[in-house]
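Enquirer: If you're matching them up, the sequences are chains A and B in order.
Read in order, the letters of the first sequence correspond to residues 50 to 803 in this note's numbering.
Read in order, the letters of the second sequence correspond to residues -15 to 178 in this note's numbering.
First, the structure itself, so that you have it in front of you.
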Amino acid sequence: MEEKSEIRTIRTACPQHCGIDCCGILAHVKGDRVIKLEPADFPDERDRRICLRGLSSLDITYHPDRLKYPMKRVGARGEGKFERISWDEAYDEIVKNFEKIAKEHGWRAIGWVLGGPGAGTTKFGAYLRIASLTQSTRVSAWGYGDAGLPCGSRIIIGHHFPYIHLFGEFWQRKWPEMLIIWGANPAEAMPLQTMRKVLDAKESGTYVVVIDPRFTVTASKADQFFGVKPGTDSALALGLMNVIFNFKLYNKDFVLEHTNGAYLVRTDTEMLLRGKDVGEKKPDAYIIWHDPSNTHKALRRKNVMEACLTGTYVINGIECKPVFQLLMDLASEYTPEKTSEITGVKKKNIIRLAEKIGTTKNVKFFTYMGFTRTYHGDISLRGLISVASITGHVTTSFSSGYMPPILNWKPFLKVIPDKPSFHRLGILSLYNAVIKGKPFPIKAAWFAFINFLNQCVDSNKIIKEFYPKLDFIVQTELFMTPSAKFADILLPVCSFLEFSDFCHHPYPYVQLQQKVINPLYESKSDATIISELADKLGFGDYFKGGEEALIDLIMDHHSLDNVSREILKKGASKLKSIPDGSNYRLGFGTPSGKIELYAEQLIEYGEALPVYLPPIEAPITPGDKKYPLTFIQGHSRFRTHSSFANVKSLLDMNPEPFVEINPIDAMARRIFDDDYVTVFNDRGKTTLKARISESVGPGVVNINEGWWIDQFKEGSVNHLTHDIINPVQEKVYEPNMHMNDVAVQIKRWEDSER
Amino acid sequence: MSKIKHFGMVIDQERCIGCEACSLACEIENNSTEFWIKVETQGGKAKDTPAGKYQNLTLNYLPKLCNHCSNPPCVDVCPADALQKRDDGPVVLDQDLCTGCKACMKACPYDVIVFNEESNLAEKCNLCVHRIDEGLEPFCVICCEGQALHFGDLNDPTSEVSQLLLNRINFQLKPEMGTDPLIHYLPPKPKRKL
């Protein structure tokens, strides 16, 4: 037995890219070695937690394959041949290449490709700061699967995330009567912050419905599971609205007060009717049809509740309809029969679900990023929020609870107030910037906390067209990932136990990811690397004090003035609370300040209403197609995206990738359990084991994302995906990668190919 | 109320999400070579697959570990007296006394005693007696993602475990064996209609 006195404990937080889970961790340290991790205390003991992945973290810190020192590529890109160099040599090489490229193409041609920082903040902030100072390009990684949801959210409620409005109260343990989990699998992706609460809610009586193409672990815990065909969610939303309208189950007061449902729309131009159209004093005023006076009026706070939601009106010869009427007209096409045909959800279930949403007092909707990883994923989210809005199930204010956290991002986003900051490019737009030089050329890329080749769409395109066009590639990594092999300079970073960062998760807490041990080998944290590089580039003054100073900087916001670093060293700190009984308005950031059931800026795209548009590739209707199966990518409890894929203890439980295929599709192709099969389309192929399972319906196959390319017999999930850009998403925010909108075929892996 | 503690576990299938954190937590805490607690899929043939036809499906998980029987067959058959039933409940295997004869493995009706191929000795869950002797809960319990594992004193009627057994339908594994395990299970709740 070890002597207890030799062991000290340090409280830290796991910042992995499950992000919002951000478990508090108590690290046991003996000498300079961490010997054990356990769940740390939280102010509310119900929040004490750790997950399977977090438990395995020491296998990452002490992994024999850790990158140990800076390296320079000596073989061909992708070959994985490197030689050891010193940090000084690495920095000199980087500065030399950056300055050469900047001289020819400007600093804009240098892109910082920042993946998922998880719950970490300053490791991300450090990069923003150097990008801002050098006026180079920040490549945002929202677009690798996480831009569809913000697009939809920005359109309909004017905020990047809809979470606080849809389930903020749920996260505060105010259990609803009914919870609809739509296109999300928190049991595996967010087991603690969300799934544990789903179980708590259900135990207290909440009725739980899961809508998903896959029968996930989350679905197995629900009272009802409705299987929906991938990419048809906005049709389902319209089908639900159809029933809600027909049975008059909508919440008229809520629609009047909080949405633009009463705003009149011109039937000729489809634009909202404005004051200038009808001779009102305020030219931009929205116009409503005023019920008591039976005439049109400019919208005012006083008359908003007296507006008509339905009807057709002619004002000064202009025919108009309220937004709500247009939504009703659209939904009227989506009868339960037709909706069932499109979505695969049974007719009676559509009717019953809609009735229940319309008649239940408190319904919360939970969704996350996977829901919007189809070409029209942004509309899926708008459909979901439209259903929640017309029935009054969107939270507009808190009467108690906790303020959302706000961090001091300003000194990172724009370091010198009177100078221009960085350029911005979405990660899917990066493809064209590198390959075609549009909208501007990117010649050098620094990849940080991203396994780009593994996790981004169309691997063959990346290998054949993208990487060869880059003059210079830097990657910071823990391991020789499939992407790291393509770096020119490869820099070793710390595991989370070896550096400090500030974490603003899980809601309603903030935590310190406290350094537990010194960096192993020659590894450094991203923030330290950037601080040292900044010195070489002449910006050292802005990084004095390294990562610790950056933490102080990001915490410097009045919303956090109840916490200090000293407090956080001991444990998580709760955010400021909202006084009980107050009316803390959450507000909407749209042009009208309301939930915009009708989005005027999308008229030209035919998407002003949350219309149903079929998936761009997923072959959801049966027929004689070359690629008849829809390919989707679920999440696995064994990985956080591609992190943990190389951890032995987890591989013991889950040794290799497999494709889930319905018995009907398997039988038609003479595929049996554990057979090797090839999944393919025109872009590429991958070979892996088959798992015959009813968890997917006929016509749909699933491979959990995150496995490294080397772990497949050949190819990978992203050898199948495409880089098609949705122009609406490009206009509103940034284009998303549509990993769940892909067509494939499957065949047995034939002996001849072995 | 009896002053002698009698520890046991209540495992709630309604809350088990099959994550296997218990398996890994146990392996880390006890430095075992094989999992002493394994999560069984109740559904289709392969791990994590459901039973039924698409849309009408069921999937449940059943964590299995040493049942810490009140009448433990393993204790009776061990020729080396390496297995002891403690007064406070746990059935503990003393590795220093174990000879690796595997008699306990054959006697156990639950197939939860494993063989360490490196040491050539038997291993199993000891209900983290090194922790409970210090007033701590077993490590698997505090690492359970779904909070499906409950540990406590079955002799104390006010304990969480006693209350769960009082208020919820519960069962033991293989009751016909007469082993009377201290590991109790709460079955999944029936699905409610929409």
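Glycine residues also receive a C-beta, built at the ideal position from the N, C-alpha and C atoms.
Measure the Cβ-Cβ separation of Ala147 (chain A) and Ala493 (chain A) and say whether it is below 9 Å.
Expert: Here the sequence assigns Phe to residue 147 (chain A), which means Ala is not the residue at that position. Contact: yes.
Enquirer: Would you verify that the beta carbon of Glu(-2) (chain B) is, or is not, closer than 9 Å to some beta carbon of chain A?
Expert: yes
Enquirer: Kindly say whether Arg401 (chain A), judged by its beta-carbon, lies nearer than 9 Å to any beta-carbon of chain B.
Expert: yes
Enquirer: Give me the chain B residues within the contact set of Cys71 (chain A), using Cβ-Cβ distance strictly less than 9 Å, ordered along the chain.
Expert: Under the 9 Å cutoff, chain B gives no residues; its nearest Cβ is about 14 Å from Cys71 (chain A).
Enquirer: Using a Cβ-Cβ cut-off of 7 Å (strictly less than) and excluding sequence neighbours within five positions of Trp156 (chain A), which residues of its own chain qualify?
Expert: Thr183, Gln184, Ser185
Enquirer: Any beta carbon of chain A sitting closer than 9 Å to that of Leu41 (chain B)?
Expert: yes
Enquirer: Quick check on Pro677 (chain A): does DSSP put it in helix, strand or coil?
Expert: Of the three classes helix, strand and coil, the one that applies to Pro677 (chain A) here is coil, per DSSP.
Enquirer: Roughly how many angstroms lie between the CA atoms of Gly169 (chain A) and Ser253 (chain A), to the nearest whole one?
Expert: 34 Å
Enquirer: Work out the CA separation of Lys149 (chain A) and Phe496 (chain A) for me, nearest whole Å.
Expert: The straight-line gap separating the alpha-carbon atoms of Phe496 (chain A) and Lys149 (chain A) is approximately 19 Å.
Enquirer: Of all the CB atoms in chain B, is at least one closer than 9 Å to the CB of Phe274 (chain A)?
Expert: Yes, Phe274 (chain A) lies at the interface with chain B (some Cβ there is under 9 Å from its Cβ).
Enquirer: Name the residues in the stretch 707 to 741 of chain A whose C-beta lies less than 7 Å from a C-beta of chain B; which are they?
Expert: Cβ contacts with chain B: Asn711, Asp722, Arg740.
Enquirer: For the putative contact between Val(-6) (chain B) and Leu49 (chain B), defined by C-beta atoms under 8 Å, what is the C-beta separation to the nearest angstrom?
Expert: Contact doesn't hold; Cβ gap of about 13 Å is too wide.
Enquirer: Can you check whether the CB of Glu645 (chain A) is closer than 9 Å to the CB of Asn264 (chain A)?
Expert: Here the sequence assigns Phe to residue 264 (chain A), which means Asn is not the residue at that position. One thing to note: Phe264 (chain A) has its Cβ no nearer than 9 Å to the Cβ of Glu645 (chain A).
Enquirer: Verify the CB distance criterion: does Ile97 (chain B) have a CB-CB separation below 9 Å to chain A?
Expert: So no, Ile97 (chain B) is outside the interface.
Enquirer: One question on the structure: do Pro737 (chain A) and Phe707 (chain A) come within less than 9 Å of each other, judged by their Cβ atoms?
Expert: In the sequence as presented, Pro is not what sits at residue 737 (chain A); that position holds Leu. In this structure, the beta-carbon distance from Leu737 (chain A) to Phe707 (chain A) falls below 9 Å.
Enquirer: Please name the residues in the stretch 769 to 796 of chain A whose beta-carbon is closer than 8 Å to at least one beta-carbon of chain B, in chain order.
Expert: none
Enquirer: For a quick check, are the C-beta atoms of Cys0 (chain B) and Pro165 (chain B) less than 9 Å apart?
Expert: no
Enquirer: Going along chain A, which residues have a C-beta under 7 Å from Pro34 (chain B)?
Expert: Phe264, Ser269, Glu743, Ser744
Enquirer: With a 10 Å radius around its C-beta and 16 neighbouring C-beta atoms as the bar for buried, classify Asp137 (chain B) as buried or exposed.
Expert: buried
Enquirer: Please list, in chain order, the chain A residues whose beta carbon lies closer than 8 Å to that of Lys37 (chain B).
Expert: Glu743
Enquirer: Beta-carbon of Cys127 (chain B) versus every beta-carbon of chain A: anything under 9 Å?
Expert: yes
Enquirer: Return the CA-CA distance between Gly160 (chain A) and Val791 (chain A), expressed in angstroms with no decimal places.
Expert: 28 Å
Enquirer: Residues of chain A with a CB under 8 Å from the CB of Glu24 (chain B): which are they?
Expert: The contact set of Glu24 (chain B) on chain A, defined by CB atoms closer than 8 Å, is empty, because the minimum CB distance reaches about 13 Å.
Enquirer: Kindly list the residues whose CB is nearer than 7 Å to the CB of Cys92 (chain B), restricted to its own chain and excluding five residues on each side of it in sequence; keep chain order.
Expert: Pro57, Cys58
Enquirer: Using Cβ-Cβ distances below 7 Å, what residues of the stretch 687 to 707 of chain A are close to chain B?
Expert: Ser698, Met702
Enquirer: When you compare only the Cα positions, how much space is there between Met604 (chain A) and Leu177 (chain A)?
Expert: 16 Å
Enquirer: Quick test of your reading: His208 (chain A) and Val443 (chain A), contact by CB under 8 Å. State the CB separation rounded to the nearest angstrom.
Expert: The Cβ separation is near 12 Å, so there is no contact.
Enquirer: Would you mind reading off the limits of the alpha helix (DSSP H) that contains Trp161 (chain A)?
Expert: Premise fails: Trp161 (chain A) lies in the beta strand (DSSP E), 159 to 163, not in any alpha helix (DSSP H).
Enquirer: Taking the Cβ atom as the reference point for each residue, do Thr110 (chain A) and Val78 (chain A) lie within a distance shorter than 9 Å?
Expert: Not a contact, by the Cβ cut-off of 9 Å.
Enquirer: Pick out the complete beta strand (DSSP E) segments inside the stretch 16 to 59 of chain B, 3 residues or longer, and give them in chain order.
Expert: 22 to 26, 35 to 37, 40 to 42, 44 to 48
Enquirer: If you follow the beta strand (DSSP E) that His183 (chain B) is part of, which residue opens it and which one closes it?
Expert: The question about residue 183 (chain B) has no answer here: the residues shown for chain B are numbered -15 through 178.
Enquirer: Given a cut-off of 9 Å, decide if Ile293 (chain A) and Thr440 (chain A) are closer than it, judged by their beta-carbon atoms.
Expert: yes
Enquirer: Please say whether Lys270 (chain A) and Leu841 (chain A) have beta carbons closer to each other than 9 Å?
Expert: Residue 841 (chain A) falls outside the range modelled here, since chain A spans only 50 to 803, and no answer is possible.
Enquirer: Where Glu571 (chain A) and Lys31 (chain B) are concerned, what is the direct C-alpha to C-alpha distance, given to the nearest angstrom?
Expert: 41 Å
Enquirer: Are the Cβ atoms of Tyr417 (chain A) and Met239 (chain A) separated by less than 9 Å?
Expert: Going by C-beta atoms, Tyr417 (chain A) is nearer than 9 Å to Met239 (chain A).
Enquirer: Give every residue of the same chain whose Cβ lies closer than 7 Å to the Cβ of Leu301 (chain A), excluding the five residues on either side of it in the sequence, and list them in chain order.
Expert: For clarity, residue 301 (chain A) is Lys in the given sequence; the question names Leu instead. Excluding sequence neighbours, Lys301 (chain A) sits near Leu358.
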